[in-house]
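If you count by the working numbering, then the sequence shown holds residues 101 to 216, one letter each, in order.
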Amino acid sequence: VQLVESGGGLVQPGGSLRLSCAASGIIFSPAAMGWYRQVPGKQRELVASITSGGNTNYADSVKGRFAISRDNTKQLVYLQMNSLKAEDTAVYYCNADFPVRGATYWGQGIQVTVSS
Numbered sequence: 101v102q103l104v105e106s107g108g109g110l111v112q113p114g115g116s117l118r119l120s121c122a123a124s125g126i127i128f129s130p131a132a133m134g135w136y137r138q139v140p141g142k143q144r145e146l147v148a149s150i151t152s153g154g155n156t157n158y159a160d161s162v163k164g165r166f167a168i169s170r171d172n173t174k175q176l177v178y179l180q181m182n183s184l185k186a187e188d189t190a191v192y193y194c195n196a197d198f199p200v201r202g203a204t205y206w207g208q209g210i211q212v213t214v215s216s
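Right under this line is the structure:
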């Protein structure tokens with residue numbers, strides 16, 4: 101199983117980035133997919149999630165700015181991040197969760213830095 105994130109980098113405050121996560125080695129469509137982030141010294145936190153049926157959930161801190169989506173045909177999940185703030189700086193992780201099977205998988209993480 102592999103989850104590979106891409107699209108991170110350095111962006112100025114107010115800017116946008118789109119993260120992508122490519123899944124392989126799993127049957128993607130039943131998975132609940134999520135994006136988490138972590139900064140040094142803090143716990144990993146949920147940013148956004150999307151169920152197999154397309155229902156979405158967002159952390160309060162990103163509501164109205166971030167949007168999660170998925171393409172089951174291509175086995176991709178995206179995180180569109182707009183109006184970025186310095187406090188969005190973190191390592192972002194892609195997650196695939198199969199609650200019925202009790203299995204969860206993580207990507208290796210990708211750095212997002214919001215700074216002028």
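All C-beta atoms, glycine included, are put in the ideal place defined by N, C-alpha and C. Note that the structure is a prediction, hence the values are computed from the model and not measured.
Looking only at C-alpha atoms, which of the options sits nearest to residue i?
{"i": "residue 143", "options": "199, 196, 129, 192", "result": "192"}
{"i": "residue 170", "options": "194, 178, 198", "result": "178"}
{"i": "residue 198", "options": "111, 124, 114, 129", "result": "129"}
{"i": "residue 137", "options": "124, 107, 210", "result": "210"}
{"i": "residue 205", "options": "122, 112, 115, 113", "result": "122"}
{"i": "residue 160", "options": "145, 180, 120", "result": "145"}
{"i": "residue 151", "options": "124, 208, 116, 196", "result": "196"}
Could you spell out the range, first to last residue, of the beta strand (DSSP E) harbouring residue i?
{"i": "residue 104", "result": "102-106"}
{"i": "residue 109", "result": "109-111"}
{"i": "residue 139", "result": "Per DSSP, residue 139 belongs to no beta strand (DSSP E) and is neither H nor E."}
{"i": "residue 118", "result": "117-124"}
{"i": "residue 186", "result": "Per DSSP, residue 186 belongs to no beta strand (DSSP E) and is neither H nor E."}
{"i": "residue 204", "result": "203-206"}
{"i": "residue 212", "result": "210-214"}
{"i": "residue 147", "result": "145-150"}
Reducing DSSP to helix, strand and coil, say where residue i ends up.
{"i": "residue 169", "result": "strand"}
{"i": "residue 161", "result": "helix"}
{"i": "residue 131", "result": "coil"}
Suppose you measure from the CA of residue i to the CA of residue j; what does that come to, to the nearest Å?
{"i": "residue 118", "j": "residue 133", "result": "16 Å"}
{"i": "residue 213", "j": "residue 109", "result": "6 Å"}
{"i": "residue 102", "j": "residue 162", "result": "26 Å"}
{"i": "residue 168", "j": "residue 200", "result": "22 Å"}
{"i": "residue 140", "j": "residue 187", "result": "13 Å"}
{"i": "residue 190", "j": "residue 164", "result": "19 Å"}
{"i": "residue 148", "j": "residue 105", "result": "15 Å"}
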